[in-house]
Amino acid sequence: MMKFFRKYTKHLLAVFMALLLVIWLAGDALQSLLVNRGAQDKSERGTLDGRTITQEDAAPVFQQLDVLSTPELRGVTNWKMVWLSAFDELGIGDDRGGIYQYHFGILRSRGDVLDEDEWFLLVTEARRNNMFVPNEAVEEFKAAKGLIGPPLSRLRQLYPMKVINEAIRSYLMVQQQAVAACK
Numbered sequence: 159m160m161k162f163f164r165k166y167t168k169h170l171l172a173v174f175m176a177l178l179l180v181i182w183l184a185g186d187a188l189q190s191l192l193v194n195r196g197a198q199d200k201s202e203r204g205t206l207d208g209r210t211i212t213q214e215d216a217a218p219v220f221q222q223l224d225v226l227s228t229p230e231l232r233g234v235t236n237w238k239m240v241w242l243s244a245f246d247e248l249g250i251g252d253d254r255g256g257i258y259q260y261h262f263g264i265l266r267s268r269g270d271v272l273d274e275d276e277w278f279l280l281v282t283e284a285r286r287n288n289m290f291v292p293n294e295a296v297e298e299f300k301a302a303k304g305l306i307g308p309p310l311s312r313l314r315q316l317y318p319m320k321v322i323n324e325a326i327r328s329y330l331m332v333q334q335q336a337v338a339a340c341k
């Protein structure tokens, strides 16, 4: 047996290294292929007001977050710190020193800003409070933030226009909710 290992050590090492490389690089892809997609969508993500929230229920909001996290929208809609736009809207965004101290205090205490689950809760709460953003407001937002021409066409290559508009609408709804909460 030892003679076999001495003779084929390099071959075995190459095979095991290739196997480890495949597992490491393609681990997520293999896992997604092996996991039943239907069962994953029905898996419980949490509860909200006694109602079970599944992965399927949260998927549209998470897709909107993917849109908001694209390079074209990341700079204009900082969804992880949505309260910054609420401060600007309320007119207290001019006191940058006080605001930055406040934000850094929050960041130090929390360690991170909003995550996906918190964003889902904010969007759900805004819808529950009947926050309404008309199509005109979405179009005005896109025009004001420069989401016309090439940036919009790059975004449309990745997502349908309906999903882009819904993502912007959810951002504006949460922003309205934050402004209403601060008044």
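In this note's numbering, each number is its position in the sequence shown, counted from 1, plus 158. Virtual Cβ for every residue (Gly too), placed ideally from N, Cα, C. Remember, predicted model here, so these are calculated numbers, not experimental data.
Legend entry - Host alpha helix (DSSP H) of Leu272 (start-end): Translated into the one-based positions of the sequence shown, residue 272 becomes position 114. No alpha helix (DSSP H) holds Leu272; DSSP gives it neither H nor E.
Legend entry - Candidates Ile306, Val281 and Lys300, of which the one nearest Met331 by Cα: As a position in the sequence shown, residue 331 is number 173, starting the count at 1. The residue with the shortest Cα to Cα distance from Met331 is Val281.
Inset, instruction - Going by DSSP, name the residue or residues bridged to Leu206. - result: Counted from its first residue, the sequence shown places residue 206 at position 48. According to DSSP, which records beta bridges pairwise, Leu206 is partnered with Arg209.
Inset, instruction - Taking Trp182 as part of the alpha helix (DSSP H), name the residues at either end of that continuous run. - result: Translated into the one-based positions of the sequence shown, residue 182 becomes position 24. Run containing Trp182: Thr167 to Leu183, per the alpha helix (DSSP H) assignment.
Legend entry - 8 Å Cβ shell around Glu297 - same chain, five flanking residues per side excluded: Along the sequence shown, one-based indexing puts residue 297 at 139. Within the same chain, Glu297 has no close Cβ partners at all.
Inset, instruction - Could you tell me the distance, in whole angstroms, from the CA atom of Pro292 to the CA atom of Val180? - result: Working through the sequence shown from its first residue, we reach residue 292 at position 134. Working through the sequence shown from its first residue, we reach residue 180 at position 22. Going from the Cα of Pro292 to the Cα of Val180 covers about 49 Å.
Inset, instruction - Along the alpha helix (DSSP H) that carries Leu305, what are the first and last residues, could you check? - result: Within the sequence shown, the letter at position 147 stands for residue 305. That residue, Leu305, is in no alpha helix (DSSP H); it is neither H nor E in DSSP.
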